[in-house]
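Before any comments, here is the structure.
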Amino acid sequence: MGDETGTRHLLLLHGMGSTGEVWLPWAPLLERRWAGRWLAPDLAGHGWSPPLPDYSFEALARRVVEGLGPVAERLGPRDRLMVLGHSLGGVVALALAARVRGVPVEAVVGLGIKAVWSPAELAKARELAGRPVTWFASRDEAARRYLRVSGLAGLFAPDHPVVDAGLRREDGRWRLAMDPAAFAVGEPRLPALLAATDVPVLLARGEQDPMVSDAQLKELGVPVATLPGLGHNAHVEDPEAVLALLDPYL
Numbered sequence: 001m002g003d004e005t006g007t008r009h010l011l012l013l014h015g016m017g018s019t020g021e022v023w024l025p026w027a028p029l030l031e032r033r034w035a036g037r038w039l040a041p042d043l044a045g046h047g048w049s050p051p052l053p054d055y056s057f058e059a060l061a062r063r064v065v066e067g068l069g070p071v072a073e074r075l076g077p078r079d080r081l082m083v084l085g086h087s088l089g090g091v092v093a094l095a096l097a098a099r100v101r102g103v104p105v106e107a108v109v110g111l112g113i114k115a116v117w118s119p120a121e122l123a124k125a126r127e128l129a130g131r132p133v134t135w136f137a138s139r140d141e142a143a144r145r146y147l148r149v150s151g152l153a154g155l156f157a158p159d160h161p162v163v164d165a166g167l168r169r170e171d172g173r174w175r176l177a178m179d180p181a182a183f184a185v186g187e188p189r190l191p192a193l194l195a196a197t198d199v200p201v202l203l204a205r206g207e208q209d210p211m212v213s214d215a216q217l218k219e220l221g222v223p224v225a226t227l228p229g230l231g232h233n234a235h236v237e238d239p240e241a242v243l244a245l246l247d248p249y250l
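Quick note: the sequence shown, position 29, residue 29 per our numbering, numbers continuous.
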């Protein structure tokens, strides 16, 4: 899979409640603009990835590494991974890039990472994690809930193929594929995660993202990019603008 000069492969990590399918609309763009292979796995407890007994950013990163096994075996000695993660996926990307993990990460772009959590927000996340699975009588009902939980409402129609990976049908009823317990992953310790990696990191946000501010990101001491006119799901709203964040590292 590599060559003498090495190839950069792109690892795309989705946010909480979503699945790797959220990156499928990027496929035509990546065919034009990305020379290496690209991968968009489901994080543990999302889509088709089995749940974890206990959720942490480290455990989520370990599952990604396990999933990379067959791919990693085909990486050449000079091949590298560029990692672009959205929200939860951005935190997992930082955990993946820790120097002790030994994964050949060249750079990380974290998009829309929520940097500051209030006690009330953490309590709400724990409450969501403790809820039983909700069942729906129709796919449409489940799809609309999926779009709300994943933050994708208004960006994909309920009947969009991207939604299918976030749903499961069992005995004529529908549920979300996500393991609710994943909500309990907790607050990311971003200063510690950044201190644990030696690779370049860029933190980005949509200008209209209500979940994180420029000031909060700039306190972390790494480069920050603001994408004009975009919201929390900037990677869905304007894939070209988000992919361009990788240009300085190529």
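Backbone N, C-alpha and C define an ideal beta-carbon position, used for all residues, glycine too.
Everything numeric in this text was worked out from a predicted model, so none of it was measured.
Local conformation of A254 per DSSP, three classes: In this structure the chain extends from 1 to 250, so residue 254 is not present and cannot be described.
R37 - DSSP class collapsed to helix/strand/coil: Three-state DSSP puts R37 in coil, outside helix and strand.
Validate contact between the region 112-128 and the region 41-48 using beta carbons, cut 8 Å, 3 pairs: No: fewer than three Cβ pairs fall under 8 Å.
Enclosing beta strand (DSSP E) for A225 [first to last residue]: V224 to L227
Runs of beta strand (DSSP E) wholly within the region 65-123 (minimum 3 residues, chain order): 80-86 and 105-111
Alpha helix (DSSP H) runs contained entirely in the region 137-211, provided each spans 4 or more residues: Listed in chain order, the complete alpha helix (DSSP H) runs (minimum 4 residues) inside the region 137-211 are 139-149, 161-164 and 190-195.
Exposed unless 16 or more other CB atoms sit within 10 angstroms - verdict on W174: buried
Whole-angstrom C-beta distance between V212 and A107, which should lie under 8 Å: About 20 Å; that fails the 8 Å criterion.
6 Å CB neighbourhood of L60 in its chain, flanking five on each side removed: Within the same chain, L43, A44 and V92 come within 6 Å of L60 by CB-CB distance, once the 5 residues on both sides are set aside.
Member of N233, L230, G229 and A225 whose CA lies at the smallest distance from the CA of D247: Nearest option by C-alpha distance: A225.
Host alpha helix (DSSP H) of L266 (start-end): The first residue shown for the chain is 1 and the last is 250, placing residue 266 beyond what the model contains.
Cut-off 6 Å between Cβ atoms - residues of its own chain near W23, not counting five sequence neighbours on either side: The residues are L12 and A40.
Chain-order list of residues whose beta-carbon lies under 8 Å from that of L194 (same chain, five-residue window excluded): Listed in chain order, the non-local C-beta contacts of L194 below 8 Å within the same chain comprise L94, V201, L220, G221 and V222, local neighbours out to five positions each way being set aside.
C-alpha gap between F156 and L29, whole angstroms: Distance between F156 and L29, taken at the CA atoms: about 18 Å.
Residue range of the beta strand (DSSP E) that includes L217: Careful: L217 lies outside any beta strand (DSSP E), inside the alpha helix (DSSP H) at D214 to K218.
Under the three-state DSSP convention, the category L250 falls into: coil
Inter-stretch contact (C-beta, 8 Å, three-pair minimum) for the region 129-141 and the region 165-185: yes
Close beta carbons around P161, own chain, < 7 Å, minus the five adjacent residues each side: none
Alpha-carbon to alpha-carbon, A165 and Q216: 33 Å
Residue from L84, E66 and R32 whose Cα sits closest to the Cα of R205: L84
Neighbourhood of G17 by C-beta distance below 6 Å, restricted to the same chain and skipping five residues each side: V149, S150 and M178
Proximity below 8 Å, CB of V286 to CB of L111: A question about residue 286 goes unanswered here, because the residues of the chain that appear run from 1 up to 250.
L245 to V100 span [Cα, whole Å]: 26 Å
Rounded distance between the beta-carbons of P239 and W26, thought under 8 Å: 5 Å
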